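Student: Okay, handing you the structure first.
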Amino acid sequence: MKKILISLLIPTIFLWAKNIAYSDEVVSLYLHKDDTRVIGKLLPTNAFEILKDQNEKVKIKINGYLNPKSPSVIYFNNSQRIIVAAFSKNVKLNFSQIKKGKNGKWDKVSLEIWADKREFSKDNKKMLSHAKELFSNNCGICHALHSEKEFTANAWPSVFKSMVNRTGIDKKDQWLIIEYLQKNAKDFKTK
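Under my numbering, the first residue of the sequence shown carries the number 12, and numbering increases by one thereafter.
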């Protein structure tokens, strides 16, 4: 019985030991800790692991999927354009392949990169709730409020961007709402 309990406890402790975090705003990314030139952006509501904390920056690990046709973007899953992080096209990134995609599916990858240090959250429930509130309070003023399930994950960014300028939504919250809408779309697929 002790062996079973210990074998169940060790993986749980390992998961708790990881420093998983989320941001409710877009986070600037850098190739090296001393760089000042931003080479990418991490979008809100996406999980990442904090590996190292140094002064004004943190080294993070981002997991996601890489479409061979778009090697400067990490996606949330292996078939939809739900962006986790996007990078300048002229930057050489050192992805670690976790799993090779088969039958048209994208490769599962991880990337260690530096980010601006800020207050990160341990989960994304509050930020998704805030995004839902912003969407509900602002996106039904001119017309009936669209259901999150009305559009596909790939369609939501265009639909939202075509109307956002008619709302009072702050620019800093726009990607938060887009990520919320995509992750609640009618065809959303978890990893």
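We put the CB at the ideal spot given by N, CA and C, even for glycine.
Remember, predicted model here, so these are calculated numbers, not experimental data.
For the candidate residues 198, 191 and 60, whose alpha-carbon lies nearest to that of residue 124?
Tutor: In the sequence shown, counting from the first residue as 1, residue 124 sits at position 113. Closest by alpha carbon: 60.
Student: Taking Cβ to Cβ, would you say residue 107 is nearer than 8 Å to residue 121?
Tutor: Translated into positions along the sequence shown, residue 107 becomes position 96. Translated into positions along the sequence shown, residue 121 becomes position 110. Taking 8 Å as the Cβ cut-off, residue 107 and residue 121 qualify as a contacting pair.
Student: With the cut-off set at 8 Å, would you say residue 62 and residue 102 are in Cβ contact?
Tutor: By one-based count along the sequence shown, residue 62 stands at place 51. By one-based count along the sequence shown, residue 102 stands at place 91. No. Outside cutoff.
Student: Can you tell which of 87, 159, 136 and 40 has the C-alpha that lies nearest to the C-alpha of residue 67?
Tutor: The residue you call residue 67 lines up with position 56 of the sequence shown. Looking at the Cα atoms, 40 is the closest of the given residues.
Student: Relative to the alpha-carbon of residue 82, which residue among 138, 144 and 117 has its alpha-carbon at the smallest distance?
Tutor: The sequence position of residue 82 within the sequence shown is 71, counting from 1. It is 117.
Student: Over the uninterrupted beta strand (DSSP E) stretch that includes residue 72, give me the two end residues.
Tutor: Start at 1 with the first residue of the sequence shown, and residue 72 comes out as number 61. Looking at the DSSP string, the run of the beta strand (DSSP E) that includes residue 72 is 68 to 77.
Student: Which first and last residues belong to the beta strand (DSSP E) in which residue 65 is found?
Tutor: By 1-based counting over the sequence shown, the position of residue 65 is 54. That run of the beta strand (DSSP E) goes 59 to 65.
Student: Would you identify the three-state DSSP class for residue 98, choosing helix, strand or coil?
Tutor: Numbered from 1 along the sequence shown, position 87 holds the residue referred to as residue 98. It is a strand residue.
Student: Distance, Cα to Cα, residue 111 vs residue 119?
Tutor: For this step, residue 111 is matched to residue 100 along the sequence shown. For this step, residue 119 is matched to residue 108 along the sequence shown. Roughly 6 Å separates the two Cα atoms.
Student: So residue 55 packs on residue 190, CB below 8 Å; how close in whole Å?
Tutor: Residue 55 sits at position 44 when you count from the first residue of the sequence shown. Residue 190 sits at position 179 when you count from the first residue of the sequence shown. Between residue 190 and residue 55 the Cβ distance is about 5 Å, and since that is below 8 Å, they are a contact.
Student: Helix or strand or just coil, what does DSSP make of residue 185?
Tutor: Residue numbering aside, residue 185 sits at position 174 when the sequence shown is read from its first letter. Helix, per DSSP.
Student: Assuming residue 170 contacts residue 128 (C-beta within less than 8 Å), just tell me the rounded distance between them.
Tutor: Numbered from 1 along the sequence shown, position 159 holds the residue referred to as residue 170. Numbered from 1 along the sequence shown, position 117 holds the residue referred to as residue 128. Contact flag wrong, Cβ pair sits at about 34 Å.
Student: For residue 46, is the classification buried or exposed, using 16 other Cβ atoms within 10 angstroms of its Cβ as the cut-off for buried?
Tutor: Taking the sequence shown and counting its residues from 1, one reaches residue 46 at position 35. So residue 46 ends up on the exposed side.
Student: Using the Cα positions of residue 168 and residue 88, report the straight-line distance between them to the nearest angstrom.
Tutor: In the sequence shown, the residue the question calls residue 168 occupies position 157. In the sequence shown, the residue the question calls residue 88 occupies position 77. The straight-line gap from Cα to Cα measures roughly 16 Å.
Student: What's the gap between the Cα of residue 58 and the Cα of residue 140?
Tutor: One-based indexing of the sequence shown puts residue 58 at position 47. One-based indexing of the sequence shown puts residue 140 at position 129. Computed Cα separation, rounded: 16 Å.
Student: In the DSSP output, which residue or residues are listed as bridge partners for residue 190?
Tutor: Numbered from its first residue, the sequence shown carries residue 190 at position 179. Note: residue 190 sits in no beta bridge, so no partner.
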